[in-house]
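Residue numbers (the numbering used here): 1 to 444.
Dropping the structure here:
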């Protein structure tokens with residue numbers, strides 16, 4: 001006779017089915033399941049060109065309504081921390097997939113003052129040095145905050161960031177400020193759609209008010225970004241050709257270049273400006289007939305940091321704004337490739353490629369830890385050698401063992417009656433600060 005289940009009614013009352021309760025009592029059962037069908041790869045979102053009229057004094061995204069909102073935020077006195085963060089979110093609207101605040105103070109940010117603002121591409125020695133000084137980094141903005149060591153951030157400071165929107169709006173992408181500064185007309189086309197995101201703005205294309213030669217435009221871009229990594233402009237005779245239409249792109253992929261070629265049939269794009277040089281993109285541009293100026297990844301971001309400094313300096317005249325230069329290292333590595341016509345493009349020999357040094361602090365800590373491990377191993381080997389010289393069961397060895405226990409506080413009360421052990425001290429978050437001097441340019 002089958003016994004009644006005393007938990008059956010209870011299971012039903014609590015919303016659990018009898019089948020679930022039965023499976024719980026009988027144990028797991030294994031069923032043969034067919035493999036699910038493979039998901040088809042996502043369809044690439046083609047880039048489209050949408051007409052747009054730039055205002056004469058644009059903000060980073062070119063929207064007039066943001067200009068009116070920022071006018072209301074102007075502050076002659078020392079601004080509050082929350083007000084500066086709100087202004088940054090208006091200038092660089094948050095993306096869905098990124099986190100903005102990487103460190104918040106314990107107090108209410110609407111009451112704390114931001115008398116000193118630090119802007120940097122990523123946390124480096126200069127940023128940490130400013131954080132170690134009193135009231136020199138009330139609010140810090142980082143473009144790439146992923147390696148931030150929060151132990152070095154003061155408790156009363158805040159750290160905010162913008163990665164995706166900063167790349168889109170303040171580097172070589174949808175950048176109306178850069179477009180007008182390079183002499184482009186107000187009527188432009190917005191290059192929209194990238195990486196399966198149809199709403200993402202990836203660049204702009206427009207005509208120059210006054211056409212110039214390729215060499216003249218090259219020199220103008222070089223002054224703006226303080227250098228160019230790769231210039232693909234043809235031979236000396238082709239450098240004299242006039243530039244009428246310019247494109248500013250956040251990426252240089254073959255698909256994007258082909259989309260621009262098909263969309264801009266009425267406008268012949270003469271020159272493209274981008275950040276990091278990609279060989280596959282340079283080859284495709286050469287095949288289509290686009291000239292390319294690649295200013296460099298870090299150089300384009302550094303341009304955005306300085307421009308953000310200018311905007312915040314106009315808004316918050318009562319705050320001191322520091323911009324920390326990126327840590328750069330020079331290398332003799334050359335970027336060279338040969339296109340389909342057999343022309344070899346090599347970066348100028350007189351210029352050295354600049355790259356950001358990543359993980360300096362981590363590398364220094366690893367070297368320090370490895371050296372300390374080496375000392376400990378040497379010390380351990382010498383102690384083991386001394387112990388091997390003595391007889392383990394001898395009185396001298398027992399006395400040595402007893403002395404070590406006493407020095408470590410591990411006698412367990414045999415002589416002192418109590419064991420003090422090791423005492424841990426509270427950690428000071430401002431104690432571990434990297435050395436070196438910050439490389440700072442103060443806003444005037």
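Note that the Cβ used here is the ideal one computed from N, Cα and C, for glycine as well. All of these numbers come straight from a predicted model, not from anything done at the bench.
Judged by beta-carbon spacing, residue 143 lies within the 8 angstroms limit of residue 122, meaning their Cβ atoms are closer than that value.
Cα atoms of residue 53 and residue 151: separation of roughly 46 angstroms, rounded to the nearest angstrom. When the beta-carbon positions are compared, residue 50 and residue 192 come within less than 8 angstroms of each other.
Our two residues, residue 160 and residue 141, have alpha carbons roughly 5 angstroms apart in a direct line.
Taken through DSSP and simplified to helix, strand or coil, residue 198 comes out as strand. Boundaries of the beta strand (DSSP E) around residue 102: 101 to 103.
Shown here, residue 300 sits in a helix according to DSSP, grouped into three states. Using a Cβ distance threshold of 8 angstroms, residue 244 and residue 208 count as a contacting pair. Contact check for residue 308 against residue 119 passes: the beta carbons are separated by less than 8 angstroms.
Here residue 97 carries a coil assignment [DSSP, helix/strand/coil]. In its chain, beyond the 5 residues on either side, 192, 193 have a beta carbon closer than 8 angstroms to the beta carbon of residue 199. Proximity to residue 267 across 116, 189, 274, 148 peaks at 189, based on C-alpha coordinates. A straight line joining the alpha-carbon of residue 285 with that of residue 128 spans about 41 angstroms.
For residue 143, the three-state secondary structure derived from DSSP is coil. For the 8 angstroms CB-CB criterion, residue 47 and residue 248 do not form a contact. In the DSSP assignment, residue 287 falls within the unbroken alpha helix (DSSP H) covering 279 to 288.
Annotation for residue 247: the continuous beta strand (DSSP E) segment containing it runs 242 to 249.
Comparing C-alpha distances from residue 276 to each of 264, 109, 257, 252 shows the shortest one belongs to 252. Counting along the chain, residue 232 sits inside the beta strand (DSSP E) bounded by residues 230 to 232. For residue 46, the secondary structure class from DSSP, reduced to helix, strand or coil, is coil. For residue 109, there is no enclosing alpha helix (DSSP H), as DSSP gives it neither H nor E. Rounded to whole angstroms, residue 326 and residue 305 show a C-alpha spacing of 10 angstroms.
Per DSSP, reduced to three states, the secondary structure at residue 121 is coil, with no helix or strand assignment. The beta carbon of residue 104 is closer than 6 angstroms to those of 158 in its chain, skipping five residues each way along the sequence.
Non-local beta-carbon contacts of residue 301 in its own chain, meaning distances under 7 angstroms to residues more than five positions away in sequence, involve 121, 143, 171 in chain order. Going by C-alpha positions, residue 246 is about 12 angstroms away from residue 264.
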